[in-house]
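The block underneath contains the structure these notes are about, expressed in structure tokens.
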Amino acid sequence: MITREYTKFISEFVCHPKAVGALSPSSSHLARHLVRSVDWAHTATVVEYGPGTGAITEEILQRMPPETMFLAIEISSRFAEVLRTRFPGVRVCEGSVRMVKSLCEAHGVSQVDAIVSGLPWAAFSDEDQTAYLDATMQVLRPGGQFITFGYLQGLLLPAGRRFRRKLNRYFAEVRVSKPVWANLPPAFFYTCRR
Ligand SMILES: C[S@@+](CC[C@H](N)C(=O)[O-])C[C@H]1O[C@@H](n2cnc3c(N)ncnc32)[C@H](O)[C@@H]1O
């Protein structure tokens with residue numbers, strides 16, 4: 520990741536701390552863990568939530584079979600611009616995951632096999648967490664995967680604990696990873712199945 524992208528990340532955090540939720544992009548180590556958890560043999564369509572400057576996007580593009588349909592949904596227009604420059608072939612949808620159904624439909628997608636999320640759930644209100652998970656259920660197929668990470672310190676926050684309880688209500692299966700220390704701050708991730 521070049522310094523210019525780090526600078527953009529930090530300045531976007533300063534302007535929108537709650538939406539960005541982190542001071543630096545995810546490490547390639549964390550991105551690899553997340554993307555390896557995707558059941559690629561049964562994934563024809565994958566959506567990334569909150570790609571930021573593309574740390575996880577890069578790993579998805581390296582791993583996904585060439586015929587996979589891939590959409591990235593990013594609320595920040597500055598990050599969307601970075602992504603379009605960095606990955607010219609990627610379909611970057613500028614908007615909120617709250618609108619995931621209509622954003623997918625605009626690309627001819629009605630059902631999604633896997634969602635890899637970079638959203639900062641522990642920074643979101645109860646209402647936003649519910650709205651984004653409800654929206655997810657409108658597109659994720661039964662048996663589909665929802666993979667998302669959090670920072671270890673987020674588990675101490677009421678919003679982080681609330682999110683964990685919500686996952687258990689929304690998904691048939693919720694697996695919690697071991698800590699991923701090679702990330703700033705250290706992280707962990709959830710692998711959920713609908
Ligand atoms: C913690 S950063 C993660 C960035 C990147 N995935 C990474 O791991 O380095 C959170 C990202 O989610 C985006 N975001 C926050 N709320 C969003 C929403 N409602 N819809 C889409 N993207 C959102 C932010 O703009 C930011 O890019």
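Number 559 in the numbering used here belongs to position 40 of the sequence shown; there are no gaps in the numbering. Yeah, the Cβ is synthetic: ideal placement off N, Cα and C, and Gly gets one too.
For the putative contact between residue i and residue j, defined by C-beta atoms under 8 Å, what is the C-beta separation to the nearest angstrom?
i    : j    : result
Y485 : G637 : As shown, the chain starts at 520 and ends at 713. That puts residue 485 outside it, with no answer to give.
Q664 : T710 : 7 Å
F707 : V695 : 6 Å
V565 : T587 : 6 Å
A642 : C612 : With a Cβ gap of about 21 Å, A642 and C612 do not count as contacting.
V635 : I594 : With 8 Å as the limit, V635 and I594 do not qualify as a contact, their Cβ atoms being about 16 Å apart.
T576 : P570 : 5 Å
E578 : V554 : 4 Å
K527 : R597 : 6 Å
V631 : L659 : 5 Å
In terms of DSSP beta bridges, what is residue i paired with?
i    : result
C711 : F665 and V693
V611 : A591
R538 : Reading off the sequence, residue 538 comes out as Ala, not Arg. Per DSSP, none; premise fails for A538.
E752 : Nothing can be reported for residue 752: it is not among the residues displayed for the chain, which extend from 520 to 713.
A706 : Y670 and V699
Between residue i and ligand 1, is there a pair consisting of the residue's CB and a ligand heavy atom that are separated by less than 8 Å?
i    : result
E593 : yes
T522 : no
S644 : no
F719 : Not covered by the structure: residue 719. The range shown for the chain is 520 to 713.
A625 : no
I575 : yes
P639 : yes
H548 : no
Y568 : yes
H552 : no
S621 : no
H541 : The sequence given here places Ala at residue 541; His does not occur at that position. A541 Cβ: within cutoff of ligand 1.
Y709 : no
P704 : no
G662 : no
D647 : yes
S530 : no
H535 : yes
T572 : yes
R617 : yes
Y525 : no
L679 : The sequence shown places Gly at residue 679, not Leu. It does not: the Cβ of G679 is nowhere closer than 8 Å to a heavy atom of ligand 1.
S629 : no
Y689 : no
S545 : yes
Are there any heavy atoms of ligand 2 lying less than 8 Å away from the beta-carbon of residue i, as far as the coordinates show?
i    : result
A538 : Among the ligands present in this structure, namely ligand 1, ligand 2 is not found.
Please go through the stretch 620-693 and give each complete alpha helix (DSSP H) segment of 4 or more residues, from N-terminal end onward.
At a cut-off of 4 residues, the continuous stretches assigned as alpha helix (DSSP H) that sit fully inside the stretch 620-693 are 645-658 and 677-689.
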